[in-house]
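Q: For reference, the structure I am asking about is given below.
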Amino acid sequence: MAILAPSILSCDFSRLKDQLLMAQEGGVEMIHIDVMDGHFVPNITFGTLIVDAVRKILPKAFLDVHLMIQNPQDCYLDFINAGADNISFHLEVVPDFDFLINLIQKAGAKASLAVAPGTPVHMLDQILPKLYLVLLMTVNPGFGGQKIIPGMDQKIIQLRKKIKSRGLNTLIEIDGGIHENNIEYLASCGASVIAAGSLVFSDENKITQKVREISDKIKRF
Numbered sequence: 001m002a003i004l005a006p007s008i009l010s011c012d013f014s015r016l017k018d019q020l021l022m023a024q025e026g027g028v029e030m031i032h033i034d035v036m037d038g039h040f041v042p043n044i045t046f047g048t049l050i051v052d053a054v055r056k057i058l059p060k061a062f063l064d065v066h067l068m069i070q071n072p073q074d075c076y077l078d079f080i081n082a083g084a085d086n087i088s089f090h091l092e093v094v095p096d097f098d099f100l101i102n103l104i105q106k107a108g109a110k111a112s113l114a115v116a117p118g119t120p121v122h123m124l125d126q127i128l129p130k131l132y133l134v135l136l137m138t139v140n141p142g143f144g145g146q147k148i149i150p151g152m153d154q155k156i157i158q159l160r161k162k163i164k165s166r167g168l169n170t171l172i173e174i175d176g177g178i179h180e181n182n183i184e185y186l187a188s189c190g191a192s193v194i195a196a197g198s199l200v201f202s203d204e205n206k207i208t209q210k211v212r213e214i215s216d217k218i219k220r221f
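Position one of the sequence shown corresponds to residue 1 (our numbering), numbered consecutively onward.
This is the structure we're talking about:
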């Protein structure tokens, strides 16, 4: 069953608590938090204080923290201590990603790898059994509001086949360019977690309604 993970990058931060509670009212169980450092990607977003705040607002939610940062090995533990349930870091920035995955798991969190659109999925072959999820970036990391890169549906399908053929439970998460006209199709391709920001938070008066509508659309996949 595919699930929705609203991305707080598209929240109105002056209304963060209210908007998160509206999403929760719609049935959300997972929240996606994009951390950007201004080095791995051009933008800077937020750090552990926001993760801690979201944890306090939604104490039972699963916090899915995506580290778009240059040196995740230096701060993964701070994010876990702030309340992260899953840490995704980029395969492209950590040569010994197996070692960091072990550290994250020993610290009590789930460990995942994020991959940029141009990174081939065969690079995940050896590590797949250890991952909670693979976060496929369907746009170039660093900016919200982009259109999905053509061909990413085939990448989802390819990765889903790899996972299924090996009898693994690894989830596939997608992030970027998700809108009402493609979300069902992408779920049907094999995406099991769908991070979406503006689709959920663009109209505060409809957050709860949007969460319910989207969840109903994708849960059959």
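For each residue, glycine too, the CB sits at the ideal point set by N, CA and C.
1. Can you tell me which of E204, N205 and E184 puts its alpha carbon nearest to the alpha carbon of D195?
2. With DSSP collapsed to three states, give me the class of E173.
3. Could you tell me whether the stretch 40-59 touches the stretch 96-106, where touching means 3 or more Cβ pairs closer than 8 Å?
4. Do three or more CB pairs link the stretch 7-19 to the stretch 194-210 at distances below 8 Å?
5. Determine which residues share a DSSP beta bridge with H66 and list them.
6. So, with DSSP's three-state summary, where would you put V115?
7. Could you tell me the boundaries of the alpha helix (DSSP H) in which M137 lies?
8. Contact check, S88 vs L135 under 8 Å by CB: the rounded distance?
9. For S112, which of D74, V65 and H39 has the nearest alpha-carbon?
10. What's the C-alpha gap between I156 and G190?
11. Determine the DSSP secondary structure at P72, reduced to helix, strand or coil.
12. Can you name, in chain order, every residue of its own chain whose Cβ lies under 8 Å from the Cβ of T208, other than the five neighbours on each side?
13. Do you know how far the Cα of M123 is from the Cα of L133?
14. Hey, how far is the Cα of N181 from the Cα of K17?
15. Do I44 and G38 have their beta-carbon atoms positioned less than 9 Å apart in this structure?
16. Checking 9 Å against the spacing of the C-beta atoms, do K162 and V121 come in under that value?
17. For I33 and D216, I'd like the C-alpha separation in whole angstroms.
18. Considering only the beta carbon of each residue, do V35 and F97 sit closer than 9 Å?
19. Tell me the DSSP secondary structure of V41 in three-state form.
20. Please tell me whether M1 and R160 are closer than 9 Å, where the distance is taken between their beta carbons.
21. If we call anything under 9 Å between Cβ atoms a contact, is V211 one with D175?
22. Between the C-alpha atoms of L128 and L49, what's the straight-line distance to the nearest angstrom?
23. Measure the C-alpha to C-alpha separation of K147 and D153 and round it to an integer number of angstroms.
A: Let me spell this out:
1. Within the sequence shown, the letter at position 195 stands for residue 195. For the sequence presented, residue 195 should be read as Ala rather than Asp. Nearest C-alpha to A195: E184.
2. Counting from 1 along the sequence shown, the entry for residue 173 is found at position 173. In this structure, E173 counts as strand in the three-state DSSP scheme.
3. Contact between the stretch 40-59 and the stretch 96-106 is absent: fewer than three C-beta pairs spanning the two stretches fall below 8 Å.
4. Yes: at least three Cβ pairs fall under 8 Å.
5. Here residue 66 refers to the residue found at position 66 of the sequence shown. In DSSP, H66 forms a bridge with D34 and S88.
6. Taking the first residue of the sequence shown as 1, we reach residue 115 at position 115. Under the three-state reduction of DSSP output, V115 falls in the strand class.
7. Locating residue 137 in the sequence shown gives position 137, where the first residue counts as 1. In the DSSP assignment, M137 falls outside any alpha helix (DSSP H) and lies within the beta strand (DSSP E) extending over L133 to M137.
8. Counting from one through the sequence shown, the residue named residue 88 turns up at place 88. Counting from one through the sequence shown, the residue named residue 135 turns up at place 135. At roughly 5 Å, the Cβ-Cβ gap stays under 8 Å, so S88 and L135 are in contact.
9. As a first step, residue 112 must be located in the sequence shown, where it is residue number 112. Nearest C-alpha to S112: V65.
10. Here residue 156 is taken as the residue at index 156 of the sequence shown, counted from 1. Here residue 190 is taken as the residue at index 190 of the sequence shown, counted from 1. Their Cα atoms are separated by approximately 6 Å.
11. Position 72 of the sequence shown holds residue 72. Helix, per DSSP.
12. To locate residue 208, count along the sequence shown from 1; it is residue 208. M22, A23, E25 and G26.
13. The residue given as residue 133 occupies position 133 in the sequence shown. The residue given as residue 123 occupies position 123 in the sequence shown. Here the C-alpha atom of L133 lies approximately 14 Å from the C-alpha atom of M123.
14. For the purposes of this step, residue 181 is taken as the residue at position 181 of the sequence shown. For the purposes of this step, residue 17 is taken as the residue at position 17 of the sequence shown. Using only the alpha carbons, I get a separation of about 29 Å.
15. Reading the sequence shown from its first residue, position 38 is the one you call residue 38. Reading the sequence shown from its first residue, position 44 is the one you call residue 44. Contact check for G38 against I44 passes: the beta carbons are separated by less than 9 Å.
16. Residue numbering aside, residue 162 sits at position 162 when the sequence shown is read from its first letter. Residue numbering aside, residue 121 sits at position 121 when the sequence shown is read from its first letter. In terms of Cβ geometry, K162 and V121 form a close pair [threshold 9 Å].
17. Within the sequence shown, the letter at position 33 stands for residue 33. Within the sequence shown, the letter at position 216 stands for residue 216. Cα to Cα, I33 sits roughly 23 Å from D216.
18. Counted from its first residue, the sequence shown places residue 35 at position 35. Counted from its first residue, the sequence shown places residue 97 at position 97. No, they are not a contact pair.
19. Walking along the sequence shown from the start, residue 41 turns up at place 41. Note: V41 maps to coil in three-state DSSP.
20. Along the sequence shown, read from residue 1 onward, the residue named residue 1 stands at position 1. Along the sequence shown, read from residue 1 onward, the residue named residue 160 stands at position 160. Going by C-beta atoms, M1 is not nearer than 9 Å to R160.
21. Against the sequence shown, residue 211 aligns to sequence position 211. Against the sequence shown, residue 175 aligns to sequence position 175. V211 is not a Cβ neighbour of D175, given a cutoff of 9 Å.
22. If you number the sequence shown from 1, residue 128 lands on position 128. If you number the sequence shown from 1, residue 49 lands on position 49. Spanning the alpha carbons of L128 and L49 requires a straight line of approximately 31 Å.
23. Locating residue 147 in the sequence shown gives position 147, counting from the first residue. Locating residue 153 in the sequence shown gives position 153, counting from the first residue. Inter-residue distance for K147 and D153 is about 13 Å (C-alpha atoms, whole angstroms).
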